[in-house]
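Right, one structure below, let's go through it.
There are 2 protein chains.
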Amino acid sequence: MDSNKTVNPDLKNERQKCTFNPLELTYLVYEGRDRNKQRKEIENFFFSDPDLQDKVPLDFLSHKEKYEETIRKACVIHKKLLEYRSIAGHIDSETEKLLQSVIAAVLKDGNPFGLNTVMFVPALLGQGTPEQQSKWLKRAIKYEIIGTELGHGTFIRGLETTAHYDPNTQEFILNSPTLSSYKWWMPSMGHTANYAVVMAQLYTQGVRRGIHLFIVQIRDEETHEPMPGIKVGEIGTKVGMHAINNGYLGFENVRIPRNRMLMKNAQLPDGSYVKAPSDKLTYGAMMFVRVIMLQGAAAQLAQASTIAIRYSVVRRQSEMKPGEPEPQILDYRTQQYKLFPNLATSLAIKQSASFVWKMYTDNFVIKFDSSGNSIFYERAKAVCTSTAAQGVETCRLSCGGHGYMTCSNFSCIYGVATASCTYEGENTVLLLQTARYLMKAWQQAVSGVNLTPTVAYLKEALSERKSSQQWENSIPHIVKAFQRVSAGKVRMGLKSLQKRINGGFAPEVAWNSTSIELAECAEAHARTFLVETFIKRIAEINCSVALKTVLVQLSELFAIYTLLRNKGDFLAFSNMTPQDISGLQVWMENLLEALRPNAVGIVDGFDFHDRVLSSALGAYDGRVYERLFEEASKSPLNKETVNQSFHKYLKPFLKSSL
Amino acid sequence: MDSNKTVNPDLKNERQKCTFNPLELTYLVYEGRDRNKQRKEIENFFFSDPDLQDKVPLDFLSHKEKYEETIRKACVIHKKLLEYRSIAGHIDSETEKLLQSVIAAVLKDGNPFGLNTVMFVPALLGQGTPEQQSKWLKRAIKYEIIGTELGHGTFIRGLETTAHYDPNTQEFILNSPTLSSYKWWMPSMGHTANYAVVMAQLYTQGVRRGIHLFIVQIRDEETHEPMPGIKVGEIGTKVGMHAINNGYLGFENVRIPRNRMLMKNAQLPDGSYVKAPSDKLTYGAMMFVRVIMLQGAAAQLAQASTIAIRYSVVRRQSEMKPGEPEPQILDYRTQQYKLFPNLATSLAIKQSASFVWKMYTDNFVIKFDSSGNSIFYERAKAVCTSTAAQGVETCRLSCGGHGYMTCSNFSCIYGVATASCTYEGENTVLLLQTARYLMKAWQQAVSGVNLTPTVAYLKEALSERKSSQQWENSIPHIVKAFQRVSAGKVRMGLKSLQKRINGGFAPEVAWNSTSIELAECAEAHARTFLVETFIKRIAEINCSVALKTVLVQLSELFAIYTLLRNKGDFLAFSNMTPQDISGLQVWMENLLEALRPNAVGIVDGFDFHDRVLSSALGAYDGRVYERLFEEASKSPLNKETVNQSFHKYLKPFLKSSL
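Sequence order for the protein chains is A and B.
Each step along the first sequence adds one to the number in the UniProt record's numbering, with nothing skipped, and position 417 is 417.
Each step along the second sequence adds one to the number in the UniProt record's numbering, with nothing skipped, and position 386 is 386.
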């Protein structure tokens, strides 16, 4: 880390106060001393390259300039990546994650080649025949072509793109029959990708055969001009992820050879059709991305917490006691309340993400529920991404005006975090899928079926009485209360649903009418899952007492904070009474106070490289005011004392009434 | 309004379903038929000017180009404004509000001359002597000079800028002793304003005399070059309000004549000093802005609701019943739950804003508490602005990916809305000021003093017992419950505070340690104020039964939604029991269902001009998909089929591994 020489004295002082060794936390976070060393080497390999520095912060550029600059950097970093791979030889999955996180830091507003890696290649792997793989896979992996993949929204059956097979020419003819059937949003599609895997409704011999995947060439490899019949362009500017170059795509009698249908699981010898053995495999490609998203949510919140906490010890404001100097704003209890729960939440999400990751890597395939969806993912994704996004905004707001500046980097982090609430499963849709799973699980429990561990508490709850026990301010008791709340809400949700069905509503109408309650069941279940997982994993960690103390404080804070934010549910469904709230409130306040001296130590332990944080407020050295001026000095407007608009517009206007 | 010919059929259908006449709501919102006519005329006068149209959406431009284009438009519109004023003659305060809202729509990312009107002129009016006013006021009002005003943060006493009086030359010498004493954030200061009212610590005869205001020339009127010793520039890019050109300002021995100190309330004949009769008047200038902010919060949320609701009847997605067509997404109960409470909240905030506005205009001065702050403002501002900002984000998220696009205009609205949480009183600071007021009010109630109407319920609560009455699903009962909750939280907050003081903590430390609870007291009080005011004012409105029914539904929805979101407090502090929740939940769901057919009618009644909404998703005609394509076609990237970065970077990279 940087020398302490130029470090802000307040930040230096915080580091001296810390009761544990942040490096121990770093090793824990990055899975050991060796992995951490490897991470530092990789960061150094990429971050030290002057070609990967922004000369002017992207925020000052036009939309077009941002795109061009990002393509430049993307080419440089992917070239380096190929170089790294060829030197390193075998790359394991942990190293792969490290590489991806470095790329994400350099291309912080989105990686224009990202979809090639996380969607195009997996689609070929999962759905291509050996012949198709040998033709396309190597080219994609070596970046001879840039592929993307076209999502389908939540209603696959309604997909309007058609692929008619013409047995005479042995070609498929792709069409977008309406404006609303144009693909919209495909990453990198605007001006970057030259190939895409496209979902379309297949028709052969005049019969609709269902959804299939096709490799479609979008642009000429030499000229990059769109292929005949391809209508392509970018969709425009967005809240964040400006460099992703999302595009639209329409087909007007686009003809592709027969061997471009991905046919690992389907055959089409002469227009006759053999269905794939399992439709579910079509979903395989997106699963890896989804698992990675949870880890992203944890990282985004941890980064925002780091920036806000470092800034809050440097920033001094107002007075607490008359006549005394302005306190560090982190000494305000309300500021601690904005930041420390988010710090704790970032770790809670990280633990759940690791759990889901383990389910993924252990089984290699995701466990699907009856509708073909990944239950572990859905359960965690909606609550993790929305909590992370809101947390990032809370961190930004806690930094006042300076948080509002883009050089704080909060807005960029938020732009990525809030996008996760929508893509790869819109959060409300996922909550309702989880709710459907929970309703079934409850009914199974009632009929005596044993449930998988993460919902086993539903069955236990059946035989419990709410008020059988006095409230206890202990973590095991609180975890139990989370389970009771979740079970209670599931029971109530099902009751409301059945009441409507018994009242004569069609099941679908009843479901829709009850869906507010049902979504809340899923949220309560996810919170229970997060609290349980966090508490359990922290307890299992093998580390020094000093560090363990802090980690336990964080896990307790997460549990109590989450409880108090939902105290209505606990009063309604657990044995907590209004008289128990004060005690929990004081416990939470004591945890905030206990964490205060170690706050900087904890975020130092996360050890985000300054380049990853990319923030004038959150750098390791805490030179906030100097960096704000440095960033301002990069503004092209500040390169001249007088802007041309004065002579063109302002002066004539000011003089016009004289 | 536009012809119905090209209107989206789903939207057309919604309009036929509406049970009331939206025009009646429009007249109500805009205070009568005549005012509404005037509004339309003003909108037409400005919006029809082709010079005020954006050729390219600002989002595609660079930061510098955005600035230049905004200065151009600001000059055009302010010239038109002077023209309008000279034709119209006397302009009353309602007309002034209409004019300001049209300017805000054209300069939707901030008005670079706004501070001249809302800060600089009022500062001169409030603090200038007759001589100073005759010299500066007319010039500022006619835009011969552009002034701004320098805020001071929440800690005025800590202000570091110094003004030393030199009796020899009869000048003040201004200095910024440190980097952190540089003014930062002043609107329009970067490259636009040429004058500023500056706060500084006055020193005469070696003695510190407290804070005073000075008119400082920042830039030469002919060349616009910074004056000697003035260090000025812009601070850089921000989350929103990109055109405001916030700047930094430092002084290095800047000499200004003696008559530039605003001296209405102070005298300085020869270096000897007579203090102003009241420091509080110094705050006067900012009060008008603060009151206007509440109305802004209501408008932002109403606009976001309009966009999201219109989009939600055009957008169809998934399936509710197998085999049926995709439903309009507004038919999903969860979507109604995201949007209708925000619609209701926008009206609730509007009613409270009108109340505060009336307090302001009736008394001409704001009522201050003992620390010189406006209690009515503080009470409402924190909760109104943060609720509005969160609501705008909820509306955006409810529109999925398309909400994420800047052409939806949500991000621009959010950028302005979220800024309000920080400026003119940071929300947490204001909540704690309100809490201090509430603690005093409670203590007064205990000692038998009568309280002002808005807190009179605290006294009533003293003599009540929580469980004296069964819960009733009626609005008067719910309003009462809000008061009980607020009183209960105030009582608990004070108890926690006193417990800490009795335990030996210094009062300031005890206050800080209890501040989470205290801020929550202020929030509960503000919610009570909002609910009470909304219910009361809707009841008073004189209108058709058809419209009244809908308005009552909205006020009930606001009350019940707010209650359920805070049900823990109601279980703890009111006579509500867990068994009462289901009934309230069903009541709320029934209100959502009842409002569904009128949702479009209500937002049509708000009658925002398409130019004000500035949204591809929310226009009156509902041509969402056509407009999305139109907006995409404006992207400079889409003007060429192949971007230069392909030849410069991408092609060499793709070919490099061959």
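We put the beta carbon where it would ideally sit given N, CA and C, even for glycine.
Margin query: Strictly by DSSP, which residues pair up with M320 of chain B?
Written below: DSSP lists no partner for M320 of chain B.
Next item on the list: Using a threshold of 7 Å, state whether the C-beta atoms of L11 of chain B and F340 of chain B are closer than that.
Entry: Taking 7 Å as the Cβ cut-off, L11 of chain B and F340 of chain B do not qualify as a contacting pair.
Notebook entry, point to check: Just how far apart, CA to CA, sit Q16 of chain A and N512 of chain B?
Noted result: Each residue's alpha carbon lies about 24 Å from the other.
Checklist line | CA nearest to the CA of F629 of chain B, picked from A:W184, A:R537 and A:L564 | finding: It is A:W184.
Next item on the list: Measure the CB-CB distance between Q328 of chain A and V313 of chain A and report whether it falls below 7 Å.
Entry: Taking 7 Å as the Cβ cut-off, Q328 of chain A and V313 of chain A qualify as a contacting pair.
Item checked: alpha helix (DSSP H) segment containing P578 of chain A, residue limits -> Run containing P578 of chain A: P578 to L595, per the alpha helix (DSSP H) assignment.
Notebook entry, point to check: When you compare only the Cα positions, how much space is there between Q390 of chain B and K350 of chain B?
Noted result: Spanning the two alpha carbons is a distance of roughly 16 Å.
Item checked: Terminal residues of the beta strand (DSSP E) in which Q201 of chain B lies -> Bounds of the beta strand (DSSP E) holding Q201 of chain B are Y195 to T204.
Margin query: Is there a Cβ of chain B sitting closer than 7 Å to that of Y482 of chain A, yes or no?
Written below: Tyr is not the amino acid found at residue 482 of chain A; the sequence shown has Phe there. Not one chain B Cβ lies under 7 Å of F482 of chain A.
Next item on the list: Run the CB neighbour count on V198 of chain A, radius 10 Å, all protein chains shown included, and call it buried at 16 or more, exposed below.
Entry: V198 of chain A comes out buried.
Item checked: Test: R255 of chain A CB closer than 7 Å to a CB of chain B -> R255 of chain A does not count as touching chain B.
Check: Leaving out the 5 sequence neighbours to the left and right, which residues in its chain are closer than 7 Å to K108 of chain A when beta-carbon positions are compared?
Finding: Answer for K108 of chain A: C412 and S614, listed in chain order.
Check: If the cut is a Cβ gap below 7 Å, which residues of chain A does Y561 of chain B touch?
Finding: What Y561 of chain B touches in chain A, judged by beta-carbon distance under 7 Å, is nothing: the nearest beta carbon there is about 11 Å away.
Next item on the list: May I have a chain-ordered list of the beta strand (DSSP E) segments no shorter than 3 residues that lie completely inside the region 127-187 of chain A?
Entry: Entirely contained in the region 127-187 of chain A, the beta strand (DSSP E) runs reaching 3 residues are, in chain order, 147-149, 162-166, 171-175 and 183-186.
Checklist line | Residue nearest to H212 of chain A in terms of C-alpha spacing, selected from A:L159, A:S447 and A:P226 | finding: H212 of chain A has its Cα closest to that of A:L159, out of A:L159, A:S447 and A:P226.
Next item on the list: Give the range of the beta strand (DSSP E) segment to which E69 of chain A is assigned.
Entry: Looking at the DSSP string, E69 of chain A is not in any beta strand (DSSP E); the run it does join, the alpha helix (DSSP H), is H63 to A88.
Next item on the list: Mind listing the chain B neighbours of W185 of chain A? Cutoff is C-beta to C-beta under 8 Å, in chain order.
Entry: Within 8 Å Cβ-Cβ: G401.
Next item on the list: Could you check what DSSP says for E393 of chain B in three-state terms: helix, strand or coil?
Entry: Residue state for E393 of chain B is assigned as helix, using DSSP reduced to three classes.
Item checked: Pairwise C-alpha distance: E41 of chain A and K64 of chain B -> Cα to Cα, the separation comes out at about 38 Å.
Notebook entry, point to check: In the region 405-457 of chain B, which residue ranges form an unbroken alpha helix (DSSP H) of at least 4 residues, counting only runs that do not cross its ends?
Noted result: Counting whole runs of 4 or more residues, the region 405-457 of chain B contains the alpha helix (DSSP H) stretches 410-419 and 427-446.
Next item on the list: Verify the CB distance criterion: does R333 of chain B have a CB-CB separation below 7 Å to chain A?
Entry: The Cβ of R333 of chain B sits closer than 7 Å to at least one Cβ of chain A.
Notebook entry, point to check: Which residues in the same chain as V239 of chain B place their Cβ atom closer than 7 Å to its Cβ, once the five residues preceding and following it in sequence are excluded?
Noted result: Within the same chain, Cβ atoms closer than 7 Å to the Cβ of V239 of chain B are found at G415 and T418, the five residues on either side in sequence being excluded.
Item checked: CA-to-CA distance, L458 of chain A to G488 of chain A, given in whole angstroms -> If you take the alpha carbons of G488 of chain A and L458 of chain A, they lie about 9 Å apart.
Check: Under the criterion of a Cβ to heavy atom distance below 6 Å, does L494 of chain B qualify as lining the ligand SAM?
Finding: No copy of the ligand SAM appears in this structure; indeed no ligand is present at all.
Margin query: Relative to the C-alpha of S48 of chain B, which candidate in B:V102, B:K97 and B:F172 has its C-alpha closest?
Written below: The shortest Cα separation from S48 of chain B among B:V102, B:K97 and B:F172 belongs to B:V102.
Item checked: DSSP-derived helix/strand/coil call for Y248 of chain A -> The three-state secondary structure of Y248 of chain A, taken from DSSP, is strand.
Next item on the list: Rank A:S515, A:V612 and A:A522 by C-alpha distance to the C-alpha of K338 of chain B and give the top, closest one.
Entry: Ranking the options by Cα distance to K338 of chain B, first place goes to A:S515.
Checklist line | Min CB distance D59 of chain A to chain B below 7 Å | finding: Closer than 7 Å to some Cβ of chain B, the Cβ of D59 of chain A qualifies, so yes.
Check: Going by C-alpha distance, which of A:A616, A:E640 and A:R611 is nearest E43 of chain A?
Finding: In terms of Cα proximity to E43 of chain A, the closest of A:A616, A:E640 and A:R611 is A:R611.
Checklist line | Local Cβ density within 10 Å of V118 of chain B, reported as buried at 16 or more and exposed below that | finding: The residue is buried, with at least 16 neighbouring Cβ atoms inside 10 Å.
Note to self: If I measure Cβ to Cβ from T577 of chain A and keep anything under 8 Å in the same chain, skipping five residues before and after, which residues do I get?
What the structure shows: W471 and L571, listed in sequence order.
Next item on the list: Please list, in chain order, all residues of the same chain as T129 of chain B whose beta carbon is under 7 Å from its beta carbon, the five residues on each side excluded.
Entry: M263 and K264.
Note to self: Here's a check: name, in chain order, each residue in its chain whose Cβ is nearer than 6 Å to the Cβ of N175 of chain B, leaving out the five neighbours to either side.
What the structure shows: So the list reads T162 and F251, once near-sequence residues are dropped.
Notebook entry, point to check: Hey, out of A:A461, A:S656 and A:D220, whose CA is closest to L650 of chain B's CA?
Noted result: Nearest option by C-alpha distance: A:D220.
Check: Closest to M261 of chain A by CA distance: which of A:T204, A:T562, A:E31 and A:L61 is it?
Finding: M261 of chain A has its Cα closest to that of A:T204, out of A:T204, A:T562, A:E31 and A:L61.
Check: Residues of chain B with CB under 7 Å from R290 of chain A, in chain order?
Finding: The CB of R290 of chain A never comes closer than 7 Å to any CB in chain B; the least such distance is about 16 Å.
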